[in-house]
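Q: If you're matching positions, the first sequence starts at 17 in our numbering and goes up one per residue. Supplied in structure tokens, the structure appears directly below.
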Amino acid sequence: MSENVRVRFAPSPTGLLHIGGLRTALYNYLFARHHDGEFILRIEDTDQNRYVEGAEEDIIKSLKWAGLGYDEGPDINVEGKYGPYRQSERSEYYQKYAEQLIEEGYAYYAFDTAEEVNDMRERLQKSGNPSPKYDAITRMAMKNSLTLSKDEVDRRLEAGEKYVVRLKVPRRETIRFEDEVRGFVSFESHGLDDQVLLKSDGLPTYHLANVVDDHLMGITHVIRGEEWLSSAPKHILLYEYLGWESPKMAHLPLIMSPEGGKLSKRNADKLGIPVNVRDYIQQRYEPEALVNFLAFLGWSPGDNREVLSLDELISEFSLDRVSKSGAVFNINKLNWFNEQYLRSRLEVDLLPEVKEIIKEYGFDGYSDEFIMQVIKLMKERAQLVNEFVSQGQYFFEAPQAYDTKTRKKAWKDNTGDLVQAYILRLQKMNEDDWEPAKIKDELKNVLAEKEVGFGKLALPTRLAVTGMGFGPDLFQTLELLGKDDVINRLKKAVSELG
RNA sequence: GCCGCGUUCGUCUAGGGGUCCAGGACGCCGCCCUUUCACGGCGGUAGCACGGGUUCAAAUCCCGUACGCGGUACCA
17 MSENVRVRFA PSPTGLLHIG GLRTALYNYL FARHHDGEFI LRIEDTDQNR
67 YVEGAEEDII KSLKWAGLGY DEGPDINVEG KYGPYRQSER SEYYQKYAEQ
117 LIEEGYAYYA FDTAEEVNDM RERLQKSGNP SPKYDAITRM AMKNSLTLSK
167 DEVDRRLEAG EKYVVRLKVP RRETIRFEDE VRGFVSFESH GLDDQVLLKS
217 DGLPTYHLAN VVDDHLMGIT HVIRGEEWLS SAPKHILLYE YLGWESPKMA
267 HLPLIMSPEG GKLSKRNADK LGIPVNVRDY IQQRYEPEAL VNFLAFLGWS
317 PGDNREVLSL DELISEFSLD RVSKSGAVFN INKLNWFNEQ YLRSRLEVDL
367 LPEVKEIIKE YGFDGYSDEF IMQVIKLMKE RAQLVNEFVS QGQYFFEAPQ
417 AYDTKTRKKA WKDNTGDLVQ AYILRLQKMN EDDWEPAKIK DELKNVLAEK
467 EVGFGKLALP TRLAVTGMGF GPDLFQTLEL LGKDDVINRL KKAVSELG
């Protein structure tokens, strides 16, 4: 094990935590735990315009739900050594290092307004430059501390004029670094522009804040999404100019939509894929299942195992087994994982949850014993706990309607008579005899008497009692529902279906 | 457009020169179990993007092409 691993998950609170964000957090977490290192949560709230109230709480709640505990974060400040953990509370650092960069000639003040920069870009575009930049060439025609006299710069600064601090990207330099998942990657500096480091509102951009904080917080490995790969060279440059050793970098493949492209709120909704972790919480996915599924979106242990606990994931995880290409999100597979985890849960442990769901459905007054029976009957057939109630609603109320397909198939002209005969026999049954085998015997008696096959009465009975054409064992279902209820439902069906 | 990254069954992936006429999982199909549906069991379907090299031998190495994705902001 390499010593002293420190990694961080650094989301910006611009909305609910996205499923892709959770995957990034997970990989960081697995890596940290595998190496006995620390996992840190840092909130990157440097864009005041995009800040969303409650987003931080959602991030924290989501991580907790998924079981990804962090060692340091906005709500866990360890000895104040590395904190605070919100970038909005760390302005002094960014200010300080921006100034250091300027003094040492690696950055400069720029006074151009947004419009002026835009004009420059448009002008260049019109004259045939497809990707105009604020760079080594163009900066000499702009208003900045490289072109203005020192007196003029001081005057503007003193007058409180708005400015940004830009990184002075070298004209010709190859920036090469080794990515833990992709190997060596290299960029030419002339393809980069003079990145704004400090915005005119005094807050840093991601690039500066990220580098400063990762260094100050002792981060050893930066594990983040591939969308950051292109800006990595800017970060490498910053580490160099600040005289710091760069942490190791690992850029994770993106999670893709089945329709192509990065999985986004828009294209996912359309396909019925929840994108926010909150949605999975609400739909009562098993957190272990989601985690297991996410772990395998871009990584695998190398053997044929797929259902792995968090502990197993921790001991198996390594960055060199992370794949390089994007992974399409397959909700079907997630549901399969959920099914695996749901089955492995103890029936008693499911009770409180199922009781909650029942309550949400507005049903009331069911004993724990009754609910436990429902759980036993439904457990092997559901993928999601919610289905215990949504697919088994008939345990809690008489069917409101009868499935038309089953009705067409099962309810024939003579069915009413058969059901009527069954009702008569059931009515004569002793309460003490109300058990699956005997209920079934009575049905068989009707069959023998009328000389028809099992399906002729069993399916109509199921339809009458549950409103559906499938479900758990019919006679166990009837037993659980109780004699009175069953007879009432059968009668109702006869009168409604003929 | 430019820059960067990628490409093994429909999807997630194993495999990184011979043991691969490519293995597992999800899905799909069939059979068995079940007088329902599911579960379970068994079997099947389907893939190395393309073209050139290198090599006795290439899914695996190299080059090119195509395609996909990401980036190209005083957003992260």
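A virtual CB, placed ideally from N, CA and C, is assigned to each residue, including glycine.
(1) Just to confirm before moving on: does the CB-CB distance between Y98 and G89 stay below 8 Å?
(2) Three Cβ pairs or more, each shorter than 8 Å: is that satisfied between the region 369 to 383 and the region 446 to 465?
(3) Three-state secondary structure (DSSP) at I59?
(4) Using the DSSP secondary-structure output, state which residues sit across from L4 in a beta bridge.
(5) With C-beta atoms as the reference, is I239 less than 8 Å away from F47?
(6) Using alpha carbons as the reference points, say which of R300, G314, L183 lies closest to E256.
(7) Taking 8 Å as the threshold (C-beta atoms), are L459 and A12 in contact?
(8) Counting C-beta neighbours from all protein chains within 10 Å, is the total for M265 16 or more, i.e. buried, or is it exposed?
(9) Let me know the secondary structure DSSP gives D195 once reduced to three states.
(10) Would you say I75 and P29 are within 8 Å of each other, going by their C-beta atoms?
(11) If you run the structure through DSSP and keep just helix, strand and coil, what is W315?
(12) Can you give me the Cβ contacts of I455 inside the same chain, cut-off strictly under 6 Å, excluding the 5 residues immediately before and after it?
(13) Go ahead and pull the three-state DSSP assignment for F412.
(14) Where does R321 fall in DSSP's three states?
(15) Return the CA-CA distance between G36 and S273, expressed in angstroms with no decimal places.
(16) According to DSSP, S202 sits in a beta bridge with which residue or residues?
(17) If you reduce the DSSP assignment to three classes, tell me which class H223 lands in.
(18) Leaving out five residues before and five after I235 in sequence, what residues of the same chain have Cβ atoms less than 7 Å from its Cβ?
(19) Would you please state the rounded distance, in angstroms, between the beta carbons of Y150 and V228? I believe it to be under 8 Å.
(20) Can you confirm whether the region 212 to 227 touches the region 107 to 125 when touching is taken to mean that 3 or more C-beta pairs between the two stretches lie within less than 8 Å?
(21) Would you call the region 174 to 188 and the region 117 to 126 touching, i.e. three or more CB-CB distances under 8 Å?
(22) Based on the DSSP output, what are the partners of H34 in its beta bridges?
(23) Assuming the contact rule is C-beta atoms closer than 8 Å, K508 and A398 should be a hit. Round their C-beta distance to whole Å, please.
(24) For L32, I'd like the list of residues in its chain whose CB is within less than 6 Å of its CB, leaving aside the five on either flank, ordered along the chain.
(25) Roughly how many angstroms separate the alpha carbons of N351 and F411, rounded to a whole number?
(26) Take H50 and list the residues in its own chain whose beta-carbon comes closer than 6 Å to its own, dropping the five residues that flank it on each side.
(27) Does the structure place the region 339 to 347 close enough to the region 272 to 288 that three or more beta carbon pairs sit under 8 Å?
(28) Along the chain, where does the alpha helix (DSSP H) containing Y113 start, and where does it finish?
(29) Quick one: grab the DSSP three-state call for K508.
(30) Might you give, ordered along the chain, the residues of its own chain that have their beta carbon closer than 8 Å to the beta carbon of V364, omitting 5 neighbours on each side?
(31) Whose CA, out of I59, T40, N320, G469, lies closest to the CA of A71?
(32) Among all the DSSP beta bridges, which residues are the ones paired with N160?
A: Quick look at the numbers:
(1) Working through the first sequence from its first residue, we reach residue 98 at position 82. Working through the first sequence from its first residue, we reach residue 89 at position 73. No. Outside cutoff.
(2) Result no; under three Cβ-Cβ pairs closer than 8 Å.
(3) Here the question's residue 59 lines up with position 43 in the first sequence. In the structure shown, I59 falls within a strand segment according to DSSP collapsed to helix, strand and coil.
(4) The requested residue 4 is not part of the displayed model; the chain covers only 17 to 514.
(5) Residue 239 sits at position 223 when you count from the first residue of the first sequence. Residue 47 sits at position 31 when you count from the first residue of the first sequence. Going by C-beta atoms, I239 is nearer than 8 Å to F47.
(6) Translated into the one-based positions of the first sequence, residue 256 becomes position 240. Closest option to E256, Cα to Cα, is L183.
(7) For residue 12 there is no data in the structure shown, the boundaries of the chain being 17 and 514.
(8) As a first step, residue 265 must be located in the first sequence, where it is residue number 249. Looking at its Cβ environment, which holds 16 or more other Cβ atoms inside 10 Å, M265 is buried.
(9) Mapped onto the first sequence, residue 195 falls at position 179. Three-state result, D195: strand.
(10) Counting from 1 along the first sequence, the entry for residue 75 is found at position 59. Counting from 1 along the first sequence, the entry for residue 29 is found at position 13. For I75 and P29, yes; Cβs fall inside 8 Å.
(11) For the purposes of this step, residue 315 is taken as residue 299 along the first sequence, with counting starting at 1. W315 falls in the strand class under three-state DSSP.
(12) Along the first sequence, read from residue 1 onward, the residue named residue 455 stands at position 439. The residues are F491, L494.
(13) Residue mapping note: residue 412 aligns to position 396 of the first sequence, counting from 1. DSSP, reduced to helix, strand and coil, places F412 outside both helices and strands of the structure shown, so it counts as coil.
(14) Your numbering for residue 321 matches position 305 in the first sequence. Three-state result, R321: coil.
(15) As a working mapping, residue 36 is identified with position 20 in the first sequence. As a working mapping, residue 273 is identified with position 257 in the first sequence. Cα-Cα distance, rounded: 11 Å.
(16) Taking the first sequence and counting its residues from 1, one reaches residue 202 at position 186. For S202, which the question treats as bridged, DSSP gives the partners R192.
(17) Here residue 223 corresponds to residue number 207 of the first sequence, with the count starting at 1. Helix, per DSSP.
(18) Taking the first residue of the first sequence as 1, we reach residue 235 at position 219. In chain order, R22, V23, R24, P263 place their CB closer than 7 Å to the CB of I235, counting only its own chain and leaving out the 5 sequence neighbours on each side.
(19) Within the first sequence, the letter at position 134 stands for residue 150. Within the first sequence, the letter at position 212 stands for residue 228. That belief does not hold up - the Cβ atoms of Y150 and V228 are roughly 22 Å apart, past 8 Å.
(20) Touching, yes, given that three or more Cβ pairs across the two stretches are closer than 8 Å.
(21) Short answer: they touch.
(22) Position 18 of the first sequence holds residue 34. Answer by DSSP bridge pairing, in chain order: N292.
(23) As a first step, residue 508 is located in the first sequence; it is residue number 492 there, counting from the start. As a first step, residue 398 is located in the first sequence; it is residue number 382 there, counting from the start. The distance from the Cβ of K508 to that of A398 is about 27 Å, inconsistent with a contact at the 8 Å cut-off.
(24) As a first step, residue 32 is located in the first sequence; it is residue number 16 there, counting from the start. Result list for L32: D74, N292, R294, in chain order.
(25) The count along the first sequence starts at 1 and reaches residue 351 at position 335. The count along the first sequence starts at 1 and reaches residue 411 at position 395. Each residue's CA atom was taken as its position, placing N351 and F411 some 24 Å apart.
(26) As a working mapping, residue 50 is identified with position 34 in the first sequence. Around H50: I330, F333.
(27) Yes, since at least three Cβ pairs between the region 272 to 288 and the region 339 to 347 fall closer than 8 Å, the two stretches touch.
(28) Position 97 of the first sequence, counted from the first residue, corresponds to residue 113. Annotation for Y113: the continuous alpha helix (DSSP H) segment containing it runs 107 to 119.
(29) Mapped onto the first sequence, residue 508 falls at position 492. In this structure, K508 counts as helix in the three-state DSSP scheme.
(30) Indexing the first sequence from 1 puts residue 364 at position 348. Contacts found: M388.
(31) Translated into positions along the first sequence, residue 71 becomes position 55. It is I59 whose Cα lies nearest to the Cα of A71.
(32) Taking the first residue of the first sequence as position 1, residue 160 is located at position 144. Beta-bridge analysis with DSSP links N160 to A126.
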